[in-house]
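Working notes, beginning with the structure itself.
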Amino acid sequence: MPSFITSYLDKNIHVTPGQYGSPFWALVYILVVFGGVSLAVVCMNWLERKILAHMQIRLGPMRVGPHGLLQPIADAIKLILKEDIIPEGADRFVFWIAPMIILLAVFSVYTVVPFGPTHAITDMNIGILFMLGVSSLGVLGIVMAGWASNSHYPLIGALRSSAQMVSYEVAMGLAVISAVVMTSLNAEGTGTLSMIGIVQAQYAQHVWFIFKFFPLGLIAFFIFAVAMVAETNRAPFDLPEAESELTAGFHTEYSGLRWSLFMLGEYAAMIAVSSIAITLWLGGWMRPFPNLLSGPTWDLAFSFFPALTFFALAGMTFYSTMRMPRHSYFRVQTIGLGAFGAVFAVIGLILLLPGVNGRVQDIYWFIFKIAVFMYLYIWYRGTFPRYRFDQLMKVGWKILLPMGIGVLMLTGIVALRTELWDFMHEALRRLVHV
Amino acid sequence: MAPITTIHYLVVAAALFVLGVIGVLTRRNVVIVLMSVELILNAVNLNLVAFSRIWGLHGQVFAIFVITDAAAEAAVGLGILIAFFRNKETVNVDEIDLLKW
Amino acid sequence: MTDSTSSVSHLDLDESKKTFLDANELILNMGPQHPATHGVLRVILRLDGEKVLGLECVIGYLHRGVEKIAEHRTYTMFNPYVDRMDYVAAVSNGLGYCEAVEKLLNIEAPPRADYIRVILTELNRLASHQLWLGTHALDIGAMTPLFYTFRDREEILKIFERYCGARLTTHAFRIGGCQYETYEGFEKDVKKFVAFVAPKIDEYEELLTTNRIWVERTKNVGTISAKDCIAYGVTGPVLRASGVKWDIRKAQPYAAYGKFDFEVPTGQNGDTYDRYLVRMAEMRQSLRIIQQAIDGIPEGPIMAKVSKVMKPPVGEIYHSIEAPKGELGYFIVSDGSTQPYRVRVRPPSFVNLQALDLMCRGQLVADVIAVIGTLDIVLGEVDR
Amino acid sequence: MEPVATTFFFYLLSGLAILSGVLVITRKNPVHSALALILTLLCLAGLYLMLYAPFVAGVQIILYVGGIMVLFLFVIMLVNLERSQKEKQFNQQWVPGILAAVALGALFVTIYIKGDALFVRPEMRFPEAENTQQVGQMLYSNYMFPFEIASLLLLVAIIGAVVMAKKRI
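So this is what it looks like as structure tokens:
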């Protein structure tokens, strides 16, 4: 094999392909990550509909494939085949490019998301700044979509949406900074903005930042968790898309493929902000208790989790297969469900292979944490009513922002308590001896 | 091709600066005039950052100050624009050349 | 409030072409095709930014001329038409009409029929309130209560279906009593339902009553004082939430209501939250009434002696009942023939909708939706 | 790690920046102008990255593109008049204006040619990985006073913008 492929596979390299400077492997990672995110969005689509349906005592999609498993594919085909309508009087170019900008902004974020110490496309030393900056570009796409539609509801939706995103970004940034301050509590005293560096700082300090300086880390995480729901325009902050008020907000006039791009962008953004939260506060790719329960025995024990998850999924699927009605009408569906179970089981078996199971650890825990966040998103949607716009702004500016400033100041004070103490001691001493 | 040196960046900055000046001097729409001012400020920023490659990091720090300044300028400028627009229903510079209205 | 679209012109719809900043006012047309106007209500909003300066309702998109139809039908033939007015509470509509004609004919329904009427009407009040709760919560953004309430409303509709064969437009009562004797197991079904639905009401309250977002969205929204309520003729839960203890079931008992022990829940502030609480309490009171009625239901005939051809004496009559949405009145003028000379319906939704303008002034656009939801209007009844 | 294809990216980014700069000052529709300006700003952020100034590039994206330009778009949407697009776009002194600007450009070029000894100087190498730390270090030591002044300026700007734009206070 040519050297530009093999050189990165050297055992001594512990950096991401972007840092190592291997365009080939960077491209491979880009394709894998982007494909994976798109696949995750498709799965999310099905899961959201099913979970929400079960919360609301419905069944959700049941017709296309066993338990509606093929519904996302059917939807995708429908959306691609649908006519792409551009309304009269719309600014065609801006209308056409707006969803692309949203997608571009969201997917750019994934260039620095660390799925593992080496499993990232690249690592920048301004990683978190880059993530915040690029994800804020999504506002542009929304504003453009709302303006280009040449219609009232999209325009109001876009104005609301951009106002909401801009105001929650402030609180979000303050929460992020307080986590960055925590990374500086090492021997050198210098923090880092790099995504991988932040996770490594948590490993070095033997604590997830959500538990650091309890309850400061928790409060910062809470601020971020609220702000990120608002950033992604999801319930209960889904005013820009409030059905009962603005029909569908900024994408009212969109249809077909372009509309599906908006949906793809929204779900990908949910995953992106969740991965920021995980990296900053929940230990990134680390498994639970990497320091406390360390050693080869524990490593081995935890290495079975990925396979066990897939076996559990396979078991659930097989159980449902058993419960399918025994009727010739359902034969294809039953076989299909069984096949799904078999696929899960085979993936589980592959994950048990000694070469594989060590390598997927980091990725597994990261995705597991993302899945928890995704479930929370669906849960919020099933539970909460929607805020009114002025209340939303009140929450952003009058509650989250002061909280963020307070947490940041307290974190700084606690982080520098010894220096502060020395300084005040010295000052007092001088004052007394003047 | 020749390696990229500081002077290349300076030429780009000068081109952007000239474009900004042309925009400020010729356009009637206040919004576009303000955007041209942003263009000028960015040209200056590029200059500062390019020089920071050879004279030390001070240029980058100064560029950050310029960005802060631009934010303040945009906020006040657009505020004035909205006040004008509400009273005169125009966004043309040559129609709002009086000190009172 | 106006029936005709001609008076809209003074709002000068050309202004809507201006941008937000040109004028201090923006005209926004909400409906008739809008997901939150509960049918085909068109509301023309005059806005200052997002603040409502005033609004005008344009109605009549669902007008079917029910009152005119009555003049060409016999008293019996007109009975099913009233079900189509407030199709959510069809049983109440039928009860009001039947009792009005009975009053005109000077006959009385037998006690067993009265009890059956009370049970079915209260069940229907529950169904109407459940539908209101679900759609109101959906308007405010909570998706889930809708499905919970529809699950429980289904049980009521099942009882209706078993009783008279129809689920929505039931045509359950006849002039002079009820056409059908209760089916076998009716009492068991109703008792089972009462036991089933009581904890479900707690479940709805658990989802919403103390939910911070729900409270913020509804407290001090669409406030209306008792004085204004009375001035506008607003009735039903909206009036009671403003603190006026007025319930026709208590004030002028009809059917068998005089025999039951129940309370009239009232609020203090007259805001959306109080209306919500009042309706929730009313659902519990309805259960109490149903329980008492099913325990004390007497044996006996279900139909009074009514001649096949009804010819009421010349005269006029006004009879009103407490429908789920407020006072539902029928004014019938008889010229001594088999057909009424004139029937006029006083629909609670129509009268309550008048107060929309007053309740929305100074509020935000999002509140208009909450207020339309809390008024609990049914456009079939508003337009008739 | 050594940068890849520096020359190519320099010409790509600077070409795009100048092209969209031309679009900014020539478009009739201010929204199109704003979008072109956003493209210019993003290209400049790319150039900052090539100049080993990642922090400035990040600030450029967050503040300029995510903040200032959204403000611009907001205001354009509020004051966008169909009428103004049909009017004359350039004012009466456009010929002297362009001449003056071109003269300014000529001045720049002359200075660059005459004084190239000033600008062609060996590049200092700063470790890229510590750029953020170094900028932060400077902001809070050498430039502490300007930093505070800047925050005061922002406060004044906030109050000023509110006073200007609010209908009734």
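Chains as they are written, first to last, in this note's numbering: chain A, 1 to 434; chain B, 435 to 535; chain C, 536 to 919; chain D, 920 to 1088.
Just so you know, even glycine gets a beta-carbon here, dropped at the ideal spot from N, CA and C.
Exposed unless 16 or more other CB atoms sit within 10 angstroms - verdict on residue i
i	result
Q803 of chain C	exposed
R688 of chain C	buried
L491 of chain B	buried
N755 of chain C	exposed
K522 of chain B	exposed
K860 of chain C	buried
K212 of chain A	buried
D830 of chain C	exposed
W285 of chain A	buried
S627 of chain C	buried
A506 of chain B	buried
A235 of chain A	buried
Y808 of chain C	buried
T183 of chain A	buried
Q787 of chain C	exposed
E857 of chain C	buried
P402 of chain A	exposed
P291 of chain A	Checking the displayed sequence, the identity of residue 291 of chain A turns out to be Asn instead of Pro. With fewer than 16 Cβ atoms within 10 Å of its Cβ, N291 of chain A is classed as exposed.
E88 of chain A	exposed
R323 of chain A	exposed
P949 of chain D	buried
G584 of chain C	exposed
F519 of chain B	buried
Q1064 of chain D	One detail in the question is off: residue 1064 of chain D reads as Phe in this sequence, not Gln. Exposed, since its Cβ has fewer than 16 Cβ neighbours within 10 Å.
Chain-order list of residues whose beta-carbon lies under 6 Å from that of residue i (same chain, five-residue window excluded)
i	result
A120 of chain A	T16 and P114
V109 of chain A	M131, V134, S135 and A272
G771 of chain C	K860, G861 and P883
E741 of chain C	none
K50 of chain A	G60
L956 of chain D	V943
V769 of chain C	N887 and A890
L137 of chain A	A105
Bridge partner(s) assigned by DSSP for residue i
i	result
D583 of chain C	C:K586
I177 of chain A	Answer is none; I177 of chain A lacks a bridge partner.
N564 of chain C	C:I579
R520 of chain C	A question about residue 520 of chain C goes unanswered here, because the residues of chain C that appear run from 536 up to 919.
L400 of chain A	Paired residue(s): none; L400 of chain A is not in a bridge.
H854 of chain C	C:Y865
Proximal residues to residue i (C-beta, below 8 Å), its chain only, five neighbours per side dropped
i	result
E690 of chain C	F728, F731 and V732
T440 of chain B	A484, F485, R487 and I488
Worksheet entry | chain A contacts from the region 1054–1082 of chain D (Cβ-Cβ distance under 7 Å) | So the list is empty, because no residue satisfies the distance condition.
Item to complete: Mind listing, in chain order, the continuous beta strand (DSSP E) runs of no fewer than 3 residues lying wholly within the region 23–89 of chain A?
Response: Entirely contained in the region 23–89 of chain A, not one beta strand (DSSP E) run reaches 3 residues.
Worksheet item: Along the region 118–130 of chain A, what residues have a CB closer than 7 Å to any CB found in chain D?
Response: Listed by position along the chain: M124, N125, I126, L129 and F130.
Practice prompt. Select from the region 741–774 of chain C all residues with a C-beta closer than 8 Å to any C-beta belonging to chain A, and list them in chain order.
Written response: Against chain A - using a Cβ distance shorter than 8 Å - the residues of the region 741–774 of chain C are L742, L743, N746, I748, W749, E751 and R752.
Worksheet item: Given a limit of 8 Å on CB to CB distance, which residues of the region 500–519 of chain B reach chain D?
Response: Across the region 500–519 of chain B, CB contacts with chain D closer than 8 Å involve I501, T502, D503, A504, A505, A506, E507, A508, A509, V510, L512, G513, I514, L515, I516, A517 and F519, in sequence order along the chain.
Discussion item. What are the residues in the region 54–74 of chain A lying within 9 Å of chain C by C-beta distance?
Written reply: For the region 54–74 of chain A, which is checked against every Cβ of chain C, the residues closer than 9 Å are M55, Q56, I57 and R58.
Practice prompt. Ignoring anything shorter than 3 residues or poking outside the region 122–168 of chain A, list the beta strand (DSSP E) runs there in chain order.
Written response: Counting only runs of 3 or more, we get nothing.
Practice prompt. Identify each residue in the region 224–237 of chain A for which the Cβ-Cβ distance to at least one residue of chain D is less than 9 Å, and report them in chain order.
Written response: Per Cβ criterion, the list is empty.
Worksheet item: For the region 381–405 of chain A, which residues have a beta carbon sitting closer than 8 Å to at least one beta carbon of chain C?
Response: Here the close residues are R381, G382, T383, F384, P385, R386, Y387, R388, F389, D390 and Q391.
Discussion item. To test your reading of the DSSP string, which unbroken alpha helix (DSSP H) runs of 4 or more residues are found completely within the region 588–649 of chain C?
Written reply: Entirely contained in the region 588–649 of chain C, the alpha helix (DSSP H) runs reaching 4 residues are, in chain order, 601–605, 610–618 and 625–640.
Practice prompt. Report the residue ranges of all alpha helix (DSSP H) runs contained in full by the region 788–836 of chain C; include only those spanning at least 4 residues, in chain order.
Written response: 807–830, all fully within the region 788–836 of chain C.
Worksheet item: In the region 141–152 of chain A, which residues sit with their C-beta less than 9 Å from some C-beta in chain D, listed in chain order?
Response: Flagged, chain order: V143, M144, G146, W147 and A148.
Practice prompt. Write down every uninterrupted run of the alpha helix (DSSP H) in the region 285–362 of chain A whose length is 4 residues or greater and which is fully enclosed by it, in chain order.
Written response: You should have 296–303, 305–323, 331–352 and 354–359.
Worksheet item: Which residues, in chain order, does the region 975–996 of chain D contribute to contact with chain A at a C-beta distance below 9 Å?
Response: So the close ones are A976, G977, V978, Q979, I980, I981, L982, V984, G985, G986, M988, V989, L990, L992, F993, I995 and M996.
Worksheet item: Quick one, which residues of the region 940–964 of chain D are near chain A if we go by CB-CB under 9 Å, in chain order?
Response: For the region 940–964 of chain D, the beta-carbon criterion of a distance under 9 Å to any beta-carbon of chain A is satisfied by N948, V950, H951, L954, I957, L961 and A964.
Worksheet entry | Residues, ordered as in the chain, of the region 821–852 of chain C that lie near chain A by beta-carbon distance below 7 Å | For the region 821–852 of chain C, no residue has a beta-carbon sitting nearer than 7 Å to a beta-carbon of chain A.
Worksheet entry | Inside the region 1008–1081 of chain D only - alpha helix (DSSP H) runs reaching at least 4 residues | Counting only runs of at least 4 residues, the region 1008–1081 of chain D fully encloses the following alpha helix (DSSP H) elements, listed from N- to C-terminal order: 1013–1033, 1035–1038 and 1050–1058.
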